[in-house]
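S.K.:
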Amino acid sequence: MKVLGIESSCDETGVAIYDGEAGLLAQALHTQVDLHAIYGGVVPELASRDHIRLLPALVRQCLRACGLEVAALDALAYTAGPGLAGALLVGASVAEAMALAAGIPALPVHHLEGHMLSPLIADDPPAFPFVALLASGGHTQLMRVVDVGDYELLGETLDDAAGEAFDKVAKILGLGYPGGPQLAALAERGKPGGFKLPRPLIRSGDLDFSFSGLKTAVLNVVSTPDWQAERAADLAAEFQQAVLDVLCAKAMAALKQTGMRALVAAGGVSANRALRAALDAAAGLMGARVYYPAQDLCADNGVMIAFAGAQRLLRGERPVAGGRIRVRPRWPLAELVRPGDRGES
Ligand code: KG4
Ligand code: ZN
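The working numbering applies: residue -18 is where the sequence shown begins, and numbers increase by one.
1) Tell me the rounded alpha-carbon separation between I33 and Q13.
2) My guess is that A168 and G161 are in contact by the Cβ rule of under 8 Å, so how many angstroms apart are they, rounded?
3) Leaving out the 5 sequence neighbours to the left and right, which residues in its chain are closer than 8 Å to V284 when beta-carbon positions are compared?
4) What's the gap between the Cα of P107 and the Cα of Q292?
5) Can you tell me whether E50 is helix, strand or coil according to DSSP?
6) For ligand 1, which residues have a Cβ under 5 Å from at least one heavy atom, in chain order?
7) Drop a sphere of 10 angstroms on the beta-carbon of V(-16), count the other beta-carbons inside from all chains shown, and report buried for 16 or more, exposed for fewer.
8) CA-CA distance, V90 and A264?
9) From the DSSP output, read off the bridge partner residues of P86.
10) Quick one: what does DSSP say L188 is sitting in, helix, strand or coil?
11) Give, in chain order, every unbroken run of the alpha helix (DSSP H) that is at least 4 residues long and sits entirely within the segment 104 to 184.
12) To the nearest angstrom, how far is it from the Cα of I306 to the Cα of E94?
13) Give the range of the beta strand (DSSP E) segment to which V308 is assigned.
14) If you draw a straight line from the alpha carbon of D131 to that of P320, how long is it in whole angstroms?
15) Would you call S251 buried or exposed, if buried means 16 or more other Cβ atoms sit within 10 Å of its Cβ?
16) Comparing the CB of S(-10) with every heavy atom of ligand 2, is any distance shorter than 8 Å?
17) What whole-angstrom Cβ distance do A302 and P86 have, given they're in contact under 8 Å?
18) Compare the Cα-Cα distances from A58 to each of D148, D322 and P300 and report the closest residue.
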């Protein structure tokens, strides 16, 4: 079962071919970071144009790498949402057109399902059910995951996502765009505790998050007249610690609440080394285990989309013939259903 996956929901153009039996056959990834850097954030129209520019070449590159024609694939999977409407439309159009021309099915895939299942691309994958902590630039959610397509939202951010908070604080500290990885690197050179930042909602008794006030607290520190730029590493470390404390506390509370012993942490923020250490330590104390995607699969990529598509097909999803372009810029993950239960895809 060979599936070509296309990711184009934001600022990464990703393509990959995943085989249900043999595993990953090919992958290609282009990041638009340089394109958007001078604007300090993603410019949607530029993102769409760049996806158009590169997607056909990346698809050809992957097919050539494994000596396959499009018609030899079992399906095309593409990110249908959530994400930037124009950017999603590029991936959807390419996938649906190729599927129609080659007479193979096309499968719309939920971006967060891609992230959430990516830790399963491993020699020692987690077994269902598990709790998933999804922390990316656009989302921060805790999910009860019973099986592919059987998801219950346990809690989510009420305002900024964790990755968004990293990016905004990086901007406040003048670290540039996208900022999250740079801020994490700066935090590693500093010590938490030198500043006092809040741990929002840590004792709220539910599984929701809020990161917007934390970002404002950082802004307030650097806006004071006696702010010393030399202390940026310590401020970054305290900010990172505050985010990790909350993510960790809520993830452990979710394990307790569900009685589960496996936690999957995915999305761009799951690349954060300090977060991984904190989650591993906290879960260890509870007799639980945390599963992560490989480092190169934490950020957006085509592999997770091809893999999620393959999982759905292997579990009996009945995709319709290609040609109908379907995108959902806003698409709650908990609306998904199990592969066999989907009336139409
Ligand atoms: O999943 P992702 O690649 O794209 C979205 O679906 O949003 O996540 C990107 C987010 C960005 O906000 C980025 O700054 C953040 O993940 N990120 C990190 C790290 N690496 C990426 N945040 C904290 N520490 C990191 N090491
Ligand atoms: Zn993502």
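Quick reminder that beta carbons are idealized off the backbone N, C-alpha and C, glycines included.
Bear in mind the structure is a predicted one, so any value in this text is a computation, not a measurement.
M.R.: Well, looking at it:
1) 12 Å
2) Not a contact, Cβ separation roughly 11 Å.
3) G(-14), G(-5), A(-3), Y(-1), L5, Q8, S99, I102 and L278
4) 14 Å
5) coil
6) S117, G118, G119, G144, F147, D148, P159, G161, P162, A165, G248, G249, V250, A252, N253, A280 and D281
7) buried
8) 30 Å
9) A302
10) coil
11) 143 to 153 and 161 to 169
12) 19 Å
13) Counting along the chain, V308 falls outside any beta strand (DSSP E), and DSSP gives it neither H nor E.
14) 9 Å
15) buried
16) yes
17) 6 Å
18) P300
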